[in-house]
Amino acid sequence: MIKLSLLAAAALLTASSAMAQDAAPEPVHDDFAPPPIVMSTEHPDEEAVEPYARSNANAGATPFEGRAMFDAFHGQAGIDRIVDDMVARNVADPRISPIFAASDLVRLRRTLKEQFCFILGGDCAYSGMAMAASHADLGLQPSDMGALVENLQLAMGAEGVPFAVQNRFLAKLAPMKRDVVTR
Amino acid sequence: MFGVIAECRSPNDETTLKRSLRLTAAAVALFASALGLAGTASAQVFYRLPEARTGGKLLLTGGVSTVEGSGGGGIATWALTTGYGAEDGVGGNVHGTYVHLPDYEFRSIGAAVGLWDRVELSIARQEFDTGDTGALLGLGQGFTFTQDVIGVKVKVLGDAIYDSGGWMPQIAVGVQHKSNDQGAIITAVGGKDDEGTDVYVAASKLFLGQSVLVSGAVRWTKANQTGLLGFGGDRNDDMEPQFEGSVGYLLSRNLVVGAEYRTKPDNLGFAKEDDWVDIYAAYALNKHLSVTVAWADLGSIATFDDQRGVYVSLQVGF
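Protein sequence lines, in the order shown, are assigned to chains S and R.
Number 88 in numbering that gives the first Met the number 0 belongs to position 89 of the first sequence; there are no gaps in the numbering.
Number 135 in numbering that gives the first Met the number 0 belongs to position 136 of the second sequence; there are no gaps in the numbering.
Below is the structure:
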């Protein structure tokens with residue numbers, strides 16, 4: 000009798016776990032392997048990306064006129080420090096760090112530095128993708144955008160960029176939300 | 000379960016032991032299968048629920064708590080949804096506000112929630128304490144008007160913070176239902192009702208490049224001193240549009256300073272009513288605690304002129 004009921008229990012357990020498995024996604028193929036990482040020929044320390052049309056318009060904002068904003072960010076050296084600091088904060092930020100887990104951070108830092116330099120009125124060309132294209136598969140939510148802006152604010156503050164100047168720059172970036180946030 | 004087995008330890012009680020084990024096994028099996036089913040079902044339910052992240056907005060962009068409980072400045076309503084939940088999140092807060100005037104004291108406590116940066120629900124209890132003035136007015140020492148305000152605000156369109164490219168503000172509509180506990184006194188001074196409902200449309204915009212927030216609202220109301228002296232009166236008993244405006248300048252991520260103005264009806268014959276004005280500073284220590292201090296000029300209240308004083312408000316939330 001005990002054996003019977005234990006058998007019944009085992010059967011029910013198996014049935015329920017089988018039901019749970021029904022909801023799980025299709026099992027991956029046995030011979031699954033991630034695609035090999037191909038390095039870029041143009042930037043040997045970056046991963047290769049699908050070809051795309053390059054244009055400064057991809058930066059997503061018109062640049063400031065004159066050099067005042069570029070200088071207020073302490074030139075290219077200041078922009079480099081801000082981008083490095085912001086990316087480091089993002090990677091360490093538990094709210095958004097998973098977003099960067101599969102990112103090529105070397106390429107991300109380079110294109111961000113180009114983008115900031117271009118928008119701030121430095122003599123840079125932007126070689127990265129358009130905002131909609133580069134964020135299409137990230138599935139970012141509004142709260143992710145908020146966290147990113149906060150980390151950029153902290154990085155600009157650490158560089159000593161005055162708050163009013165930070166906001167002039169952020170006003171150029173803010174409308175990108177509609178391209179960056181996809182859900 | 001162990002208790003059941005322990006009770007049946009005696010070998011003479013084999014039948015009972017078997018039965019207990021059988022029951023236990025069946026119970027375990029049932030529980031396990033229920034868990035499996037519930038797991039699948041709840042996963043489906045949660046998949047359909049909106050996200051409820053917290054803290055997605057930037058500091059101070061939910062506003063502080065108005066004296067009527069909704070998100071805004073101190074006396075002017077904003078179109079922004081209270082709390083720090085972005086479109087994928089929720090926020091909420093409680094507030095306590097104290098205004099010290101020459102002849103009166105005003106206190107308010109309340110709570111509000113913001114849902115997906117779309118809907119705001121708020122509740123507030125206001126106390127207008129006449130103190131020594133109560134005796135002079137013939138109401139009695141420390142006579143206090145108490146008013147409860149429940150409010151709903153819904154964002155209609157726009158994004159006050161991120162749409163910094165154009166002129167389009169964020170627009171919201173709202174309703175506030177107010178009920179005052181001093182119906183008899185309100186009637187005695189010429190008021191028509193101890194309950195009333197305000198309806199408003201608010202528009203707010205952050206000019207981010209200039210670090211300036213501008214907000215305006217039109218409120219249809221017949222509230223006397225926002226309802227603290229009832230609704231409607233011997234001079235006028237119709238809903239009239241009134242204006243609430245505010246400007247703020249962002250000095251840092253944590254600190255905004257500015258001014259507010261609010262026009263009000265003048266329905267009661269026994270005492271004229273003035274517009275309200277204040278200058279304020281709101282400081283957010285973090286997304287959980289903010290303090291607002293203002294210098295407010297509330298004009299003449301119940302025949303006592305020049306009611307100017309300090310406004311202090313504390314907001315705790317997420």
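Every residue, glycine too, gets a C-beta built ideally from N, C-alpha and C.
Return the first residue and the last residue of the alpha helix (DSSP H) that residue i is part of.
| i | result |
| --- | --- |
| H134/S | M130 to H134 |
| L172/S | F162 to L172 |
| K176/S | K176 to V179 |
| M68/S | A67 to A71 |
Just to make sure I have the definition right: I need the residues of chain S whose C-beta is within less than 8 Å of the C-beta of residue i. Which are they?
| i | result |
| --- | --- |
| R117/R | Those within 8 Å of R117/R in chain S number zero; the least Cβ separation is about 12 Å. |
| S210/R | F162, A163 and N166 |
Identify every residue that forms a DSSP beta bridge with residue i.
| i | result |
| --- | --- |
| R106/R | Y97/R and E126/R |
| E259/R | S245/R and D277/R |
| T53/R | Paired residues: none, contrary to the question. |
| E46/S | M38/S |
| L138/R | Answer by DSSP bridge pairing: none, since L138/R is not bridged. |
| T76/R | G71/R |
| K333/R | Residue 333/R is absent from the structure shown; chain R starts at 0 and stops at 317. |
| W294/R | I278/R and V309/R |
| L114/R | V89/R and V118/R |
| Q169/R | S203/R |
| D192/R | F230/R |
| S289/R | A283/R and Q314/R |
| Q175/R | G150/R and D197/R |
Is DSSP giving residue i helix, strand or coil here?
| i | result |
| --- | --- |
| M238/R | coil |
| R252/R | coil |
| L313/R | strand |
| I4/R | Confidence is the limiting factor: at I4/R the pLDDT is only 41, short of 50, which leaves the residue's position unreliable and the question unanswerable from this model. |
| Q20/S | For Q20/S, the predicted structure reports a pLDDT of 48, less than 50, and the residue's modelled location is therefore unreliable. A value from the coordinates is still provided. In this structure, Q20/S counts as helix in the three-state DSSP scheme. |
| V198/R | strand |
| L11/S | Note on L11/S: pLDDT 48, under 50, position unreliable in the model; the coordinate value appears next. Note: L11/S maps to helix in three-state DSSP. |
| L284/R | strand |
| Q181/R | coil |
| R80/S | helix |
| F230/R | strand |
| E119/R | strand |
| G62/R | coil |
| T302/R | coil |
| G133/R | helix |
| R182/S | coil |
| Q75/S | helix |
| M85/S | helix |
| Y84/R | Reading the sequence as shown, one finds Gly at residue 84/R and not Tyr. G84/R: coil per DSSP, three-state reduction. |
| A154/S | helix |
| A159/R | coil |
| A56/S | helix |
| A32/S | coil |
| T225/R | helix |
| T61/S | coil |
If the cut is a Cβ gap below 8 Å, which residues of chain R does residue i touch?
| i | result |
| --- | --- |
| E64/S | Per Cβ cutoff of 8 Å: no residues; E64/S is ~14 Å from chain R at best. |
| G145/S | G54, G55, K56, L57 and A85 |
| A157/S | Chain R residues near A157/S: none, gap ~13 Å exceeds 8 Å. |
| P174/S | Y161, D162, S163 and G164 |
Tell me the residue span of the beta strand (DSSP E) that contains residue i.
| i | result |
| --- | --- |
| T220/R | V211 to T220 |
| G268/R | Neither: G268/R is in no beta strand (DSSP E) and is coded neither H nor E. |
| F144/R | T143 to L156 |
Can you pull the chain S residues whose beta carbon is under 7 Å from the beta carbon of residue i, in chain order?
| i | result |
| --- | --- |
| K204/R | Per Cβ cutoff of 7 Å: no residues; K204/R is ~12 Å from chain S at best. |
| L288/R | Within 7 Å Cβ-Cβ: nothing; L288/R doesn't reach chain S, min ~17 Å. |
| E50/R | Q140 |
| G91/R | Here the premise fails: no neighbours, minimum Cβ distance about 15 Å. |
| G88/R | S142 |
Starting from residue i, find everything on chain R with Cβ-Cβ shorter than 7 Å and list it in chain order.
| i | result |
| --- | --- |
| Q152/S | R252 |
| E149/S | L57 |
| A170/S | S163, L207 and G208 |
Counting only Cβ pairs nearer than 9 Å, list the residues of chain S close to residue i.
| i | result |
| --- | --- |
| L249/R | F162, A163 and N166 |
At 9 Å on the CB atoms, spell out the chain R contacts of residue i, in chain order.
| i | result |
| --- | --- |
| V97/S | According to the sequence provided, residue 97/S is Pro. The question's Val does not apply to it. Chain R residues near P97/S: none, gap ~13 Å exceeds 9 Å. |
Mind pulling the alpha helix (DSSP H) runs of 4 or more residues that sit fully within the stretch 88 to 151 of chain S? Restricting attention to alpha helix (DSSP H) runs no shorter than 4 residues, the stretch 88 to 151 of chain S encloses them at 104 to 118 and 130 to 134, ordered along the chain.
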